[in-house]
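Enquirer:
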DNA sequence: ATTTATAAACGTCATATTTACGTTTATTTT
DNA sequence: AAAATAAACGTAAATATGACGTTTATAAAT
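In structure tokens form, the structure reads like this:
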């Protein structure tokens, strides 16, 4: 394996996680901070996506997987390459220049952007060199480069994706309630569903399996817990070629 | 505008066209031919997608548009960036090596792949330096590099896209019959629809407009011609957040 | 122990959409 | 004028969706 970096090609990872408490779809970003040499002035103070150069002897997918692992320690998460970003001016905002000068970037770098879906509780933010933080996709902090743009495009892609494929379950704990699924759909899509209709629709799916277990520690009627069976989904799923234009 | 090529970044264009006569979804590819220096041996003889390096001061989209223009003379066609391809070995098949040696490629080139949808009759294959040819996506010739792979991924993306957006009309003449639309859907999706149901569904759309004109030169009852109004579509279209998992 | 509050869960009906067919119509060819 | 044929229209059952009202299980309060 050659570990030479390709100087002008990178991957960037938009990591989505869902907070069932605040019912917020979040993005994991990394603190970026730089002071002037004298330390008297803060040159850069914002957040960026995690990304890195692609190595000479590495596939793009492997590169993204590697970056995610360094960020979260996790492998085998849902991953999608959704778009390449390569505008000539994507790294040349005024506020990014000190950072670039410091890091020795190639100004014309094309980045292949991926998004990941994972269960928030699997990520340990403590044990890490970098300062990482979750932000609601609806309330992002100041972001460097074109990273806000990249996140928003990832989010648009996710919106479409979750209507056509059961990716929603990648963001939920293994055991979940119907209402949690509904809340998550609502967070992502920004619309509300009728709970009775939503519930009926989901429960009728063969791959949504009621388990012999109920929510604990709630001060009201505890919910029935369910699981998603990817195996059953794959078996019974048949593409409906419904033209919805 | 700097016309310096970025040596390791290219765009490749999958150009789709539809042949209403043969009812075939076709891809436009370019002949690739190379003889040994003595002329005694054919080193390369197959087809490739059209692509080119991205220029230093050019967006990826502009780069793709430029390549399409050089290939077809056309601008303003439907265009979608659908995936980046960057496996380390994507250009290093045995049969591609003589070509690469001849052209002076960078062996680790990442390509940003686009597909275009256009009306076959608008393309003039005659007046061009290169030898270009349409092939059915279901019956592709021998292709160089990873271009078969790229075409098949473009095709998969198109299949999904045409179910959700009215891109189908990019592939048809301005005036078309309902049956032509159905045939095209069937060619793309590889399934059959009931003509009576398909017809009703389409005719009920406000943006499918019957014009005061009928097919000519047919030896049976001539079909009613229709047009697609993108304006009306944009006005009345409302996203249905139908979860179909 | 009983009541109260509340979220979970079930039920019903009207409407819209899809699926699966049969029939009629307009045109060219014979 | 008849025959052939693709275009175009029609209908009924099944399924899915949307919009609501009601019941149930539990913890907390009385």
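Chains as they are written, first to last, in full-length UniProt numbering: chain A, 1 to 245; chain B, 1 to 245. Heads up, the beta-carbon is just placed ideally off N, CA and C, and yes, glycines get one too. Small disclaimer: the values here were computed from a predicted structure and weren't measured.
#1: Assess contact between the segment 60-79 of chain A and the segment 101-117 of chain A, defined as three or more Cβ pairs (one per stretch) separated by less than 8 Å. Is contact present?
#2: In chain order, what residues of the same chain have a beta carbon less than 7 Å from the beta carbon of residue 214(B), not counting five sequence neighbours either side?
#3: Could you tell me whether the segment 88-100 of chain B touches the segment 121-136 of chain B, where touching means 3 or more Cβ pairs closer than 8 Å?
#4: Using beta carbons (cut-off 8 Å, strictly below), is residue 57(A) in contact with chain B?
#5: Along the chain, where does the beta strand (DSSP E) containing residue 83(B) start, and where does it finish?
#6: For residue 210(A), would you say it is in contact with chain B, using Cβ-to-Cβ distances shorter than 8 Å as the test?
#7: Which runs of the alpha helix (DSSP H) spanning at least 4 residues fall entirely within the segment 28-90 of chain A, listed in chain order?
#8: Give me the chain A residues within the contact set of residue 81(B), using Cβ-Cβ distance strictly less than 8 Å, ordered along the chain.
#9: Would you call the segment 135-154 of chain B and the segment 10-23 of chain B touching, i.e. three or more CB-CB distances under 8 Å?
#10: Name the residue from 138(A), 202(A) and 139(A) whose alpha carbon lies nearest to the alpha carbon of residue 166(A).
#11: Please return the same chain residues whose Cβ sits closer than 6 Å to the Cβ of residue 61(A), not counting the five positions on each side in sequence.
#12: Spell out whether any CB of chain A is found under 8 Å from the CB atom of residue 87(B).
#13: Is the segment 169-177 of chain A touching the segment 16-30 of chain A in the sense that three or more CB pairs, one from each, lie closer than 8 Å?
#14: Taking only runs that begin and end inside the UniProt domain "NrtR DNA-binding winged helix" (168-228) of chain A, name each unbroken beta strand (DSSP E) of 3 or more residues, in chain order.
#15: Between the alpha carbons of residue 232(A) and residue 210(A), how many angstroms are there, rounded?
#16: Quick one: residues in its chain with C-beta nearer than 8 Å to the C-beta of residue 161(A), no 5 flanking neighbours on either side, listed in chain order?
#17: Taking one C-beta from the segment 30-44 of chain B and one from the segment 180-199 of chain B each time, how about it: are there three or more such pairs within less than 8 Å?
#18: Residue 7(A) lies in the beta strand (DSSP E); which residues open and close that run?
#19: Anyone know if the C-beta pair for residue 25(A) and residue 188(A) falls short of 8 Å?
#20: For residue 110(A) versus residue 163(B), is the C-beta spacing smaller than 8 Å?
#21: Name the chain B residues whose beta carbon is nearer than 7 Å to that of residue 165(A)?
#22: Note down, in chain order, all residues in the segment 99-125 of chain B with a beta-carbon under 8 Å from any beta-carbon belonging to chain A.
#23: Where DSSP assigns a beta bridge to residue 136(A), which residues make up the other side?
#24: Which residue comes first and which comes last in the alpha helix (DSSP H) that contains residue 164(A)?
#25: Could you check what DSSP says for residue 120(B) in three-state terms: helix, strand or coil?
#26: Could you tell me which chain A residues have their CB closer than 8 Å to the CB of residue 9(B), listed as they occur along the chain?
#27: Based on Cα-Cα distance, which residue from 74(B), 87(B) and 43(B) lies nearest to residue 98(B)?
#28: Can you find the residues in the same chain that come closer than 7 Å, C-beta to C-beta, to residue 186(B), ignoring five residues on each side of it along the sequence?
#29: Can you tell me where the alpha helix (DSSP H) holding residue 101(A) begins and where it ends?
#30: For a quick check, are the C-beta atoms of residue 118(B) and residue 74(B) less than 8 Å apart?
#31: Which residue's Cα is closest to the Cα of residue 126(A): 72(A), 105(A), 3(A) and 41(A)?
#32: What residue range does the alpha helix (DSSP H) around residue 230(B) cover?
#33: Using the rule of at least 16 other Cβ atoms within 10 Å of the residue's Cβ for burial, across every protein chain shown, is residue 51(B) buried or exposed?
Expert: In short:
#1: yes
#2: Closer than 7 Å at Cβ, skipping near neighbours: 222, 223, 224 and 225.
#3: no
#4: yes
#5: Element bounds for residue 83(B): 78-85.
#6: Interface annotation, residue 210(A): not in contact with chain B, CB-CB separation never under 8 Å.
#7: 60-72
#8: Those are 83 and 84, listed as they occur along chain A.
#9: Result yes; three or more Cβ-Cβ pairs closer than 8 Å.
#10: Here the closest residue by C-alpha is 202(A).
#11: none
#12: Output row for residue 87(B): interface = yes.
#13: yes
#14: 208-214 and 224-228
#15: Taking the Cα positions, residue 232(A) is about 14 Å away from residue 210(A).
#16: 80 and 167
#17: no
#18: 5-19
#19: yes
#20: No, the pair does not count as a contact, with Cβ atoms beyond the cut-off.
#21: 245
#22: Among the residues of the segment 99-125 of chain B, those with a Cβ less than 8 Å away from any Cβ of chain A are 108, 110 and 112, in the order of the chain.
#23: Partner(s): 26(A).
#24: 147-164
#25: In the structure shown, residue 120(B) adopts helical secondary structure according to DSSP, grouped into three states.
#26: 8, 9, 86 and 110
#27: 43(B)
#28: Excluding its 5 nearest sequence neighbours in each direction, residue 186(B) has C-beta neighbours in its own chain below 7 Å: 192 and 193, listed in chain order.
#29: 97-103
#30: yes
#31: Considering only alpha carbons, the answer is 72(A).
#32: 230-236
#33: buried
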